[in-house]
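Here is the structure we will look at.
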Amino acid sequence: MTQHQLDFVDVSNEFDTAVYVDPFAIEIRDDLWAAEASEHVRVFFKEVLDALRDGDTARAEELMSHLTEPKETFLGVSQDSPQGRGVGRGQARQLISAIRNSKAYATGLLSDLSEVALYVDGIDRDKISDLTTNIIRQLLIDYTQEQCDLFEIETSRYQSPPMFSAEFKNWVSRPVLLPYLAGSPVMLVPKYIVRQKLSLNSQDFYNKQISDFLAAEAMRANSSLVRTIRGVRKVYKKDVHKAHPKTKSLLAELVLKHPELLNMYKDVAKNQRMAISFGDDDLNITTVCDMLSKEFNDVPPGRDNATRYHRLIIGTLTSLFYPDLIIPQKEWAINDGRKRIDIVYTNAADTGFFAHRRDSAKSNAQIVIVECKNYSDDIANAEFDQLIGRFDDNKGRFGIITCRSVADKLKLHRRCVDAAKSSQGYIIVLTDEDLVAMLVAKATLNDERVGHILHEKFQALLS
Numbered sequence: 006m007t008q009h010q011l012d013f014v015d016v017s018n019e020f021d022t023a024v025y026v027d028p029f030a031i032e033i034r035d036d037l038w039a040a041e042a043s044e045h046v047r048v049f050f051k052e053v054l055d056a057l058r059d060g061d062t063a064r065a066e067e068l069m070s071h072l073t074e075p076k077e078t079f080l081g082v083s084q085d086s087p088q089g090r091g092v093g094r095g096q097a098r099q100l101i102s103a104i105r106n107s108k109a110y111a112t113g114l115l116s117d118l119s120e121v122a123l124y125v126d127g128i129d130r131d132k133i134s135d136l137t138t139n140i141i142r143q144l145l146i147d148y149t150q151e152q153c154d155l156f157e158i159e160t161s162r163y164q165s166p167p168m169f170s171a172e173f174k175n176w177v178s179r180p181v182l183l184p185y186l187a188g189s190p191v192m193l194v195p196k197y198i199v200r201q202k203l204s205l206n207s208q209d210f211y212n213k214q215i216s217d218f219l220a221a222e223a224m225r226a227n228s229s230l231v232r233t234i235r236g237v238r239k240v241y242k243k244d245v246h247k248a249h250p251k252t253k254s255l256l257a258e259l260v261l262k263h264p265e266l267l268n269m270y271k272d273v274a275k276n277q278r279m280a281i282s283f284g285d286d287d288l289n290i291t292t293v294c295d296m297l298s299k300e301f302n303d304v305p306p307g308r309d310n311a312t313r314y315h316r317l318i319i320g321t322l323t324s325l326f327y328p329d330l331i332i333p334q335k336e337w338a339i340n341d342g343r344k345r346i347d348i349v350y351t352n353a354a355d356t357g358f359f360a361h362r363r364d365s366a367k368s369n370a371q372i373v374i375v376e377c378k379n380y381s382d383d384i385a386n387a388e389f390d391q392l393i394g395r396f397d398d399n400k401g402r403f404g405i406i407t408c409r410s411v412a413d414k415l416k417l418h419r420r421c422v423d424a425a426k427s428s429q430g431y432i433i434v435l436t437d438e439d440l441v442a443m444l445v446a447k448a449t450l451n452d453e454r455v456g457h458i459l460h461e462k463f464q465a466l467l468s
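Everything in the sequence shown is counted per our numbering, starting at 6 for the first residue and increasing by one.
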């Protein structure tokens, strides 16, 4: 499968992927997984700062000393084969010293791990990524196991480095199950929490918000930095940079006096696009959608090909709807003695169709349940009843059934409308034809058309 079809960053044992786990990317999300990860990061860093402020250096070093190199993710940049970098026992003292010596710590400004790279010398994306990865290691292991279950990837016992417990505010050790690649354990990382550079980094902050502010201040004070050219007063950034060279102490000093500068920077950072592909060798979305469109013809209907169809649907939905739908999980259920597989997505949409379904009080789609039916005949009432039975006030009342085709479209339409009108839930059915139409639109980067198809399907339920 290609990177566009996967919810996680694909890995290679031959090289590290040059992306980094970004705590700010976690912090700004409002889905359940990100909320738990953000809580782990918050609790850990607060424990470190509290220990330092209480003069308990031993406690701070104990917390930091377990931050080993997260080589299992194959992320970042190593010189040769993937090795990881990280904060080992020796570097823990150096990091604590750097935090203590920073103006941001001394003034009480420093409170979030996501801001450490702004204010603390010697700390940049590598260290922040590795720190964050280690802090949320337990959640990443759980996520990895869910993805392995989804794609039927074999896992084996692995003695994991210690994992931070937000509940006990300490490190715990235990063996876990992870997949292996060429003899090396692999820990998968969701795409939506990585960036090619940190969302909050000192260079970008200095180049834009800080430099603009200093230029405006120079203009207001009519300082020596102001030049008059053809009657127009100007302040050039190169002159600002010469007069006020970038230091992390400078950033902390200005944010202390003008906290709105950091707020402005964070507002800009929130709107950065998520990384979807990460390397020059990754196939582009047009090629992937064309490939998936053709694959529907290669997978015959019937129970013997249920697994192939199931994987095709996962890859198709992730390619079409990421990052609105994230963290797909497989859920098993037994109905009338038959094993049934659902795919459950977390609804993380900020705008568009899936955001409307989540924000509507009637559908309240916090998650999106997908049933895949590789039948050669029409889906029956039992399939609708099964999906309706999954709905509740917590999960919401919206789901999708995928199937190969529909012969009696009027009967299907009436069944969907009946469920909606009786407040049982909202179900849209996506056939091969529907999915291929959306893939064709996505291949031309026409996301508006993809959303229009979904809106049409939903509006038909209300007719």
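From the three backbone atoms N, C-alpha and C, an ideal C-beta is built for every residue, glycine too.
It should be emphasised that the depicted structure is a prediction, and the values quoted were computed from it without experimental measurement.
Would you call the CB atoms of residue i and residue j closer than 9 Å?
i           : j           : result
residue 71  : residue 190 : no
residue 329 : residue 311 : no
residue 205 : residue 122 : yes
residue 335 : residue 151 : yes
residue 396 : residue 371 : no
residue 251 : residue 214 : no
residue 374 : residue 348 : yes
residue 50  : residue 155 : no
residue 404 : residue 431 : yes
residue 46  : residue 75  : no
residue 201 : residue 169 : no
residue 266 : residue 218 : yes
residue 116 : residue 54  : yes
residue 255 : residue 249 : yes
residue 10  : residue 293 : yes
residue 392 : residue 425 : no
residue 148 : residue 80  : no
residue 133 : residue 25  : yes
residue 378 : residue 402 : no
residue 124 : residue 136 : no
Report the residue from the options whose alpha carbon sits nearest the alpha carbon of residue i.
i           : options               : result
residue 69  : 35, 104 and 39        : 104
residue 390 : 322, 427, 411 and 359 : 427
residue 422 : 52, 198 and 462       : 462
residue 101 : 33, 80 and 67         : 67
residue 138 : 298, 464, 78 and 402  : 78
residue 145 : 73, 97, 246 and 13    : 13
residue 443 : 18, 366, 109 and 326  : 326
residue 290 : 17, 450 and 31        : 450
residue 299 : 42, 132, 437 and 414  : 437
residue 259 : 359, 228 and 222      : 222
residue 197 : 261, 127 and 8        : 8
residue 459 : 420, 362 and 394      : 362
residue 99  : 65, 30 and 111        : 65
residue 313 : 264, 394 and 380      : 380
residue 399 : 96, 441, 351 and 306  : 351
residue 112 : 383, 261, 269 and 369 : 261
residue 120 : 386, 446, 412 and 274 : 274
residue 171 : 48, 412 and 30        : 48
Would you list the residues sitting across from residue i in a DSSP beta bridge?
i           : result
residue 163 : 181
residue 168 : 177
residue 469 : Only positions 6 to 468 of the chain appear in the structure, and residue 469 is not among them; the question remains open.
residue 401 : 397
residue 408 : 378
residue 455 : Partner(s): none; residue 455 has no beta bridge.
residue 305 : Residue 305 is not bridged to any residue.
residue 3   : There is no way to answer for residue 3, as the model of the chain reaches only from 6 to 468.
residue 415 : DSSP output for residue 415 lists no bridge partner at all.
residue 199 : 26
In the structure shown, what three-state DSSP assignment does residue i receive?
i           : result
residue 231 : coil
residue 468 : coil
residue 288 : coil
residue 450 : coil
residue 241 : coil
residue 88  : Reliability of the predicted coordinates at residue 88 is poor, the pLDDT of 48 falling under 50, and the value obtained from them is presented with this limitation in mind. Reduced to three states, the DSSP call for residue 88 is coil.
residue 261 : helix
residue 189 : strand
residue 460 : helix
residue 95  : helix
residue 146 : helix
residue 298 : helix
residue 137 : helix
residue 268 : helix
residue 206 : coil
residue 249 : coil
Worksheet item: Could you give the uninterrupted runs of the alpha helix (DSSP H) lying entirely in the region 6-82, keeping only those of 4 residues or more?
Response: Within the region 6-82, the complete alpha helix (DSSP H) runs of at least 4 residues fall at 28-32, 37-58 and 62-70.
Fill in: 4 or more residues per run - each alpha helix (DSSP H) lying fully within the region 320-392
DSSP runs (the alpha helix (DSSP H)) wholly in the region 320-392: 358-364.
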